[in-house]
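Chains as they are written, first to last, in my numbering: chain A, 27 to 641; chain B, 53 to 403. Note that the Cβ used here is the ideal one computed from N, Cα and C, for glycine as well. Because the structure is a prediction, the values reported are computed rather than measured. Structure first, commentary second.
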Amino acid sequence: MPSSSPISSVNDFVVRFANVNGSGSASANELFARSVLRMGIPVAPRNIFPSNIQGLPTWYEVRISEAGHLGARGGTDLMVAMNPQTWEKDVAGIEPGGYLLYDSTKPMPKSKFREDISVIGVPLTAICNREYSDARQRQLFKNIMYLGTLCALLDMDVAATEQLVREQFKSKEKLIDANLHALHLGRDWALQNLQCPIRLRLRPAKAVGDRIFIEGNSAAALGAVYGGATMCAWYPITPSSSLADAFTSHCRRLRADSASKKNKFAIVQAEDELASIGMVIGAAWNGARAFTATSGPGVSLMQEFLGLAYFAEIPAVIFDVQRAGPSTGMPTRTQQCDLISCAYASHGDTKHVLLFPEDPAEAFDFAADAFDLADRLQTPIFVMLDLDIGMNHRLCRPLTWDDKRKYDRGKVMTAADLDAGKDFGRYLDVDGDGIPYRTYPGTHPTKGSFFTRGTSRDRYARYTEEGAPYADNMQRLLRKFETAKDLVPRPLQANAAKPTKYGVIYYGSTSPAMDEAIHMIETRGHSLNRLRVRAFPFHSSVTSFVADHDFVFVVEQNRDAQLRSLIVNECSIDPVRLVPILHYDGTPITARFIARAIGDHLDALKVTPLRKVVS
Amino acid sequence: MTYITKPKFHHPGLPKNALGYTHRDYEGSVSTLCAGCGHDSISGAIIEACFELDIEPHRVAKLSGIGCSSKTPTYFLGNSHGFNSVHGRMPSVLTGANLANRDLIYLGVSGDGDSASIGLGQFAHALRRGVNMVYIVENNGVYGLTKGQFSATADRGSKSKRGATNTDNSIDLVALALQLGATFVARSFSGDKEQMVPVIKAAIEHEGAAFIDIISPCVAFNNHMGSTKSFDYVREHNESVNRLDFITGRAPITVAYEPGSVEVVEQHDGSKLVLKKVAADYDPHDRLGAMNFLQRHAAIGQIVTGLLYVDPDPEDLHRNLNTVEPPLNSLAEAELCPGSAMLEKINASLR
C-alpha cells in the first residue's frame with residue numbers, strides 16, 4: 027500500500043508518457059490526447075523530444091484540465107513508463123500519491139519502485155509476443171495496447187477512441203481492424219486483471235466548445251496562405267521546419283490553379299539561411315509576398331541581409347520559431363530568447379518590428395497581418411513563435427477570416443500614377459509618416475525606375491556619401507518606426523478586481539501559464555494588473571502601464587530579461603521599476619513557477635517594517 | 053563621389069532600333085570606374101546587346117553584389133530597376149526576384165571576389181537550380197576596391213602589383229558552371245567586343261541559367277607583367293573555340309560562313325546562334341567534351357573563349373516548380389486567399 031493516499035481527481039491531472047524516440051509511440055500518445063478532447067475535456071499536450079531520430083528518450087505530456095488551463099503544470103500524476111533508459115528519473119518525477127503504469131513482462135526488484143505511489147503492471151510485451159510474430163507490429167501495437175489499458179484505468183469513453191482510430195486510418199480498413207484489436211487487447215486485460223478505474227478519472231464534459239486543436243507552426247503557415255504569401259524560401263532547422271512543411275501541404279491543397287493544375291506559389295529549400303532571406307528580399311522587392319521560417323541560429327546568419335532590408339526598405343516576413351540558445355544550445359527545447367537579436371538585427375543603427383502571438387489562433391492572425399505590415403511599413407516583420415507554441419498541438423479558438431478584407435499592399439506607385447505626373451522619389455516622405463512610395467520593377471518604360479542599394483542615397487535614390495542626406499534618411503527611418511507603433515497589434519490589459527499598485531507584463535507562449543498563475547497569486551492574497559505585450563515597437567500604453575504601477579513584474583522565458591531590456595531602452599524606464607521573472611531551463615514556463623516567484627516577492631513586501639527608533 | 057548627371061542630349065541622327073530607341077536609351081549614369089577599366093567595355097556590350105535585341109529597358113531587372121563589377125549596373129540601362137545587394141549574395145536575391153515575376157529579364161552582374169570567394173555557394177546553387185537569368189562575372193582576378201588583394205580566380209603563380217606570388221590554386225568558374233548544370237556557358241574577354249555582344253545576346257534569349265565569365269583586366273591593380281589577367285596576357289593566350297553571331301527569330305540570317313565551319317543552333321524561342329567554328333573538333337552541345345576541352349587547354353596555359361556549351365531546350369526553375377504562367381506578383385486576393393468558407397472546413401477538420 028502506498029504511504030501517501032492515492033491522488034484522486036476527475037478531469038484535472040497530468041499523464042506523462044516516457045518512450046524511446048522512433049518507436050512509433052507518438053501517434054498512440056496523440057490518440058490519447060485527442061480521445062480526451064473528444065470527451066469534451068480540454069487537454070494541453072507537449073512533446074519533450076531529443077535532437078535525435080531514433081533511440082534517445084522522448085516524453086509526451088498531456089495535461090488534462092476541465093478548467094481549461096493549457097500551460098504546462100509541472101509534475102506527473104500518472105507516468106506511463108515505457109523506456110527503461112529513463113526509468114529512475116521517470117519514477118522520481120511522479121507526484122506523491124501518483125500512479126505508475128509499466129510493462130511488467132520482466133519482474134523488477136522492489137527497490138526500483140517507490141512506496142508512495144500506486145504501481146500498475148501490465149505484461150505488455152508478453153501479450154504482444156503471444157499475439158504478434160512481426161517485430162515491428164509487436165512494437166507498434168504495444169503502444170496501442172497501453173492506450174487501451176488507459177481507457178480502462180481512467181474510465182474513458184472507448185467509443186471516442188475507436189472513432190478516432192477509424193478517422194486516422196480512413197480508407198485503410200485492415201489497419202483499422204488491427205488497431206482496434208490491439209486497443210481492446212489492452213483494455214480487456216486491464217478490466218479483467220486490474221482494479222478499474224483508478225482514482226484518476228475522466229468524465230465526459232462540455233468544456234471544449236468549438237475550439238480547434240492545431241500546432242502553431244501549421245496555423246502560422248495557414249496564415250501565410252490566407253495573407254497572400256506566394257514565395258517561401260527556407261532552410262531546415264528545428265523547430266521551424268514544420269512551418270515550411272505545413273505551408274507546402276496547405277499550398278498543395280489550397281493554391282493549385284484548378285484549370286491549369288499549376289502552382290500559385292513557389293517554395294524553395296535554400297542552401298542556407300543567407301540564401302533563404304536573400305530570396306525573400308528579392309521576391310519582395312519584386313512585389314511578391316514572401317517569407318522564411320527559421321530559428322535563432324538562422325536569424326544570426328541573416329543579419330547582414332536584414333540590415334539591407336531595413337535600410338533599402340524591403341518588406342520581408344520572418345517566422346522565428348525560437349529554441350534555447352546560444353549557439354546550438356538546446357535545439358529541441360523552448361525559450362523566448364531571440365528578442366534582442368531580432369529587434370536590433372544587423373550592424374549599424376537598426377530596429378525591427380516583432381509580433382508575439384500567444385497561441386496558434388493568434389499565430390494565424392499575426393502571420394496574415396505580418397504581410398500587410400511588411401508591405402505597409404516596407405521593412406522586415408518578425409513573427410516570434412517558439413517551440414512550445416510551434417510544435418505542440420494547442421487548443422485554441424477557431425480561425426477566422428473576413429472575406430471583405432483586402433490586402434494592404436502599402437504605398438506602391440503605378441504606371442498610371444507616374445503618367446499622371448506624380449513626383450516619384452523612392453525615399454521621399456510625402457505623407458509625413460516616414461513611409462515613402464515604391465515602384466515594382468517593370469512598371470513603366472521611362473519613369474519610376476530606381477536603384478536599390480545598401481549604400482547611402484538621397485531622397486531620389488541617388489548614391490551619395492554626403493552627411494546631410496544620410497542623416498535625413500536615418501531620421502526618416504525613425505519616423506517610420508514611430509508610425510509602426512500605432513499599426514502593430516496593441517497590448518491587451520486585464521485589471522484585477524481590486525485596485526492594485528502592482529502589475530505584470532508578459533508575452534507569447536507564457537500566456538496560459540500567466541492566466542492560471544494570476545488565480546494562484548490571488549489565493550495568496552495579492553492582486554496584479556496584467557498587460558500582454560503583442561508587438562515591438564511598444565505602443566504608448568506600455569509606458570503608461572508601467573507609470574501607473576509602483577512596479578511591474580516582467581515574465582519571460584530567457585536568462586537576460588530581453589523584453590525588460592527593450593522596455594527599459596525604448597520607453598526610457600527606470601530599470602528598478604521592472605522586476606524580472608525568468609524561466610529558462612528549456613521547459614515551458616509553468617503557472618506554479620510564476621505564482622511562486624511573484625507570490626514570494628509580494629509576500630516579502632507585506633512584512634511590516636520595524637519602526638525606526640528615533641534617537 | 054556622388055551622383056553624376058549625364059546630359060540627356062541626343063544627336064538627331066543616332067540610329068534607332070525597332071522600338072524607336074537609340075543607344076542613349078540603354079545607357080546609365082557616368083561610370084565612376086578607372087579610365088580604361090575592362091568593366092566599362094562590358095557595360096558597353098550589354099547596352100549594345102539590349103539595343104540590338106530591341107529589349108524594352110524597363111523589362112530588365114539588373115542585380116549585383118558588392119565590388120567594382122557590382123557597381124556597373126548603375127552605368128547601363130538607366131530605365132531598368134537595379135538592385136545592388138550584399139557581397140556574394142546576388143544569386144539568391146535574383147532567384148527570389150525571378151520567382152516573383154517570371155516575365156522580366158534577369159541580368160546578374162558579379163565579380164570574381166563576389167562569385168568565386170564570398171559567394172561561391174550562392175553561385176553554385178543558383179546555377180544548379182536553373183534560374184532563368186544571365187549571370188555575368190566580370191573577372192579580373194583581383195580585389196580592386198580594397199586595393200589589389202588576390203581573388204580566388206587568380207592563377208597560381210601569378211604576381212600581384214606589389215610583387216607577391218599567389219600560391220593558392222585558382223577556381224575556374226566556367227568549369228564549375230559546366231559541372232553544376234548551367235545550360236549556357238561561355239567565356240569572353242572585355243577587349244573583344246565582337247565576341248562579347250553576340251554571346252550576351254544569345255545568353256539573354258536563352259531560357260535557362262546562362263553563365264558568362266568575362267575576363268576583364270583591372271587597369272589599376274592587375275595589368276602588369278606577371279599577371280595572368282592582364283590585357284597582353286589574355287590576348288596572347290586566348291584560344292577561341294568559335295565566333296558567334298546571334299540572330300533572333302524575327303530577322304533573316306544574313307551572315308554566311310564558309311560551309312563546313314558554320315553551325316546554326318536554334319534556341320527554344322526560335323532565335324538562332326550562328327557559330328563559326330575555330331576549333332574544328334569543338335561540339336558546343338557536349339557538356340562532357342566541353343569540360344575536357346577546357347581542362348586540356350588550361351593545362352597548356354590557354355584561356356578558352358567562346359560559347360562552350362548550350363542546351364537548346366533548357367529547363368528552368370519555374371518549370372521545375374510548376375508555377376502558373378502569370379507572374380506571382382500579379383496575383384491578388386481572389387487568386388490567393390481561400391476565404392472564410394474554406395477556413396470553416398479547416399476548423400471542422402481540427403476538432
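Checking 8 Å against the spacing of the C-beta atoms, do L129/B and G80/B come in under that value? Start at 1 with the first residue of the second sequence, and residue 129/B comes out as number 77. Start at 1 with the first residue of the second sequence, and residue 80/B comes out as number 28. Yes, the pair counts as a contact, with Cβ atoms nearer than the cut-off.
* Asked: Of all Cβ atoms in chain B, is any one closer than 8 Å to the Cβ of I461/A?
  -> Residue 461/A sits at position 435 when you count from the first residue of the first sequence. Answer no: the Cβ-Cβ gap between I461/A and chain B never drops below 8 Å.
### Task
Answer with yes or no whether the minimum CB distance from F477/A to chain B is below 8 Å.
Counted from its first residue, the first sequence places residue 477/A at position 451. With 8 Å as the cut-off, F477/A counts as an interface residue toward chain B.
Exercise. Determine, using beta carbons only, whether K288/A comes closer than 8 Å to chain B.
Key: One-based indexing of the first sequence puts residue 288/A at position 262. Using a Cβ-Cβ cut-off of 8 Å, K288/A counts as an interface residue toward chain B, since at least one Cβ of chain B sits closer than that to its own.
| message | Please tell me whether I238/A has its Cβ less than 8 Å away from any Cβ of chain B. | response | By 1-based counting over the first sequence, the position of residue 238/A is 212. Judged by the 8 Å Cβ criterion, I238/A is in contact with chain B.
Please determine, among R403/B, K397/B and P390/B, the residue with the shortest C-alpha to C-alpha distance to R431/A. The residue you call residue 431/A lines up with position 405 of the first sequence. Among R403/B, K397/B and P390/B, the Cα nearest to that of R431/A belongs to P390/B.
Review point. What do you get for E377/B, buried or exposed, if any count of 16 or more other CB atoms within 10 angstroms of its CB means buried?
Key: Here residue 377/B refers to the residue found at position 325 when the second sequence is read from its first residue. Looking at its Cβ environment, which holds fewer than 16 other Cβ atoms inside 10 Å, E377/B is exposed.
Check whether the Cβ of I607/A lies closer than 8 Å to any Cβ atom in chain B. As a position in the first sequence, residue 607/A is number 581, starting the count at 1. Answer no: the Cβ-Cβ gap between I607/A and chain B never drops below 8 Å.
Closest residue to E339/A among R485/A, S91/A and I224/A (Cα-Cα distance): As a working mapping, residue 339/A is identified with position 313 in the first sequence. It is R485/A.
ask   = Which residues, in chain order, does the region 296-320 of chain A contribute to contact with chain C at a C-beta distance below 9 Å?
value = Among the protein chains of the structure shown, namely A and B, there is no chain C.
**Asked** For chain A, is any of its Cβ atoms less than 8 Å away from the one on L380/B?
**Response** Stepping through the second sequence from its first residue, residue 380/B is reached at position 328. Judged by the 8 Å Cβ criterion, L380/B is in contact with chain A.
field: chain B contact residues for M257/A, given Cβ-Cβ distances below 7 Å
entry: The sequence position of residue 257/A within the first sequence is 231, counting from 1. Near M257/A (Cβ distances below 7 Å), the residues of chain B are G148, L151, A152 and L380.
Task: Contact between the region 292-310 of chain A and the region 469-486 of chain A (3+ Cβ pairs under 8 Å) - done: no
Q.
Please return the same chain residues whose Cβ sits closer than 6 Å to the Cβ of T536/A, not counting the five positions on each side in sequence.
A. Position 510 of the first sequence, counted from the start, is the residue given in the question as residue 536/A. Answer for T536/A: V581 and I615, listed in chain order.
At a Cβ cut of 8 Å, what residues of the region 415-429 of chain A count as close to chain B, listed as they run along the chain?
P424, L425, T426, W427, D428 and D429
Whose C-beta lies closer than 6 Å to the C-beta of P125/B among residues of the same chain, with five residues either side of it excluded? As a first step, residue 125/B is located in the second sequence; it is residue number 73 there, counting from the start. Taken in chain order, the residues that qualify are K114, S116, G134 and V161.
*asked:* Determine whether the beta carbon atoms of L217/A and A185/A lie at a separation below 8 Å.
replied: Taking the first residue of the first sequence as position 1, residue 217/A is located at position 191. Taking the first residue of the first sequence as position 1, residue 185/A is located at position 159. The answer is no: Cβ separation not under 8 Å.
(request) For I323/A, count neighbouring C-beta atoms within 10 Å of its own C-beta (all shown protein chains included) and say buried if the count is 16 or more, exposed if not. (result) Locating residue 323/A in the first sequence gives position 297, where the first residue counts as 1. Contrary to the premise, residue 323/A reads as Pro rather than Ile in this sequence. Here P323/A is buried. Its C-beta has 16 or more other C-beta atoms within 10 Å.
Over what stretch of residues does the beta strand (DSSP E) that includes Y125/A continue unbroken?
As a first step, residue 125/A is located in the first sequence; it is residue number 99 there, counting from the start. Y125/A -> beta strand (DSSP E) spans I120 to D129.
**Message:** At the 8 Å Cβ level, is G480/A part of the contact set with chain B, yes or no?
**Reply:** As a first step, residue 480/A is located in the first sequence; it is residue number 454 there, counting from the start. True, the Cβ-Cβ gap to chain B drops below 8 Å.
Q.
Does the contact criterion of 3 or more C-beta pairs under 8 Å hold for the region 409-428 of chain A versus the region 439-454 of chain A?
A. no
Worksheet entry | Limits of the beta strand (DSSP E) - the one that D224/B falls within | Indexing the second sequence from 1 puts residue 224/B at position 172. Per DSSP, D224/B belongs to no beta strand (DSSP E) and is neither H nor E.
Query raised in the report: How would you write the range of the alpha helix (DSSP H) that K253/B sits in, first residue to last?
Result: Here the question's residue 253/B lines up with position 201 in the second sequence. From DSSP, the alpha helix (DSSP H) with K253/B extends over K245 to E257.
message = For the region 498-507 of chain A against the region 342-351 of chain A, do three or more pairs of beta-carbon atoms, one drawn from each stretch, fall closer than 8 Å, so that the two count as touching?
response = Touching, no, given that fewer than three Cβ pairs across the two stretches are closer than 8 Å.
Can the beta-carbon of T320/A be found less than 8 Å from the beta-carbon of D346/A? In the first sequence, counting from the first residue as 1, residue 320/A sits at position 294. In the first sequence, counting from the first residue as 1, residue 346/A sits at position 320. Contact flag set, yes.
| request: Report the residue ranges of all alpha helix (DSSP H) runs contained in full by the region 426-505 of chain A; include only those spanning at least 4 residues, in chain order. | output: Secondary structure within the region 426-505 of chain A: the alpha helix (DSSP H) runs of 4 or more consecutive residues, fully enclosed, are 441-445 (chain order).
Problem set entry | Rounded C-alpha distance that separates L104/A from N418/A | Looking up residue 104/A in the first sequence gives position 78. Looking up residue 418/A in the first sequence gives position 392. Looking at the two C-alpha atoms, the distance is approximately 20 Å.
Next item on the list: For V271/B, collect the residues of the same chain with a Cβ closer than 8 Å to its Cβ; drop the 5 residues on either side in sequence, then sort them by chain order.
Entry: In the second sequence, the residue the question calls residue 271/B occupies position 219. Cβ neighbours of V271/B beyond the five flanking positions: C86, A87, G88, C89 and G90.
Near S34/A, which residues of its chain fall below 7 Å by C-beta distance, leaving aside the five closest residues on each side in sequence?
Translated into the one-based positions of the first sequence, residue 34/A becomes position 8. Same-chain partners within the cutoff: R225.
### Message
Please tell me whether M394/B has its Cβ less than 8 Å away from any Cβ of chain A.
### Response
By 1-based counting over the second sequence, the position of residue 394/B is 342. Judged by the 8 Å Cβ criterion, M394/B is in contact with chain A.
| query | Where do the N-terminal and C-terminal ends of the alpha helix (DSSP H) with Q295/A fall, by residue? | reply | Position 269 of the first sequence, counting from 1, holds the residue named residue 295/A. First-last for Q295/A: A292 to Q295, but that is the beta strand (DSSP E), not the alpha helix (DSSP H).
Applying a beta-carbon distance threshold of less than 7 Å, which residues of chain A neighbour H349/B? Along the second sequence, read from residue 1 onward, the residue named residue 349/B stands at position 297. Neighbours of H349/B across chain A, judged by C-beta separation under 7 Å, do not exist; the nearest C-beta is about 31 Å away.
For C389/B, return the contacting residues in chain A, with the cut-off set at a CB-CB distance below 7 Å. Here residue 389/B corresponds to residue number 337 of the second sequence, with the count starting at 1. Per Cβ cutoff of 7 Å: Y252 and G254.
Of all the options D271/A, A494/A, L211/A and G625/A, which has the alpha carbon lying nearest to the alpha carbon of E7/A?
With chain A represented from 27 up to 641, any question about residue 7/A goes unanswered, as that position is not in the structure.
Q: Using a Cβ-Cβ cut-off of 8 Å, state whether E596/A counts as contacting chain B.
A: For this step, residue 596/A is matched to residue 570 along the first sequence. No, E596/A does not count as interfacial toward chain B.
- Applying a beta-carbon distance threshold of less than 8 Å, which residues of chain B neighbour L280/A? Position 254 of the first sequence holds residue 280/A. What L280/A touches in chain B: P390 and M394.
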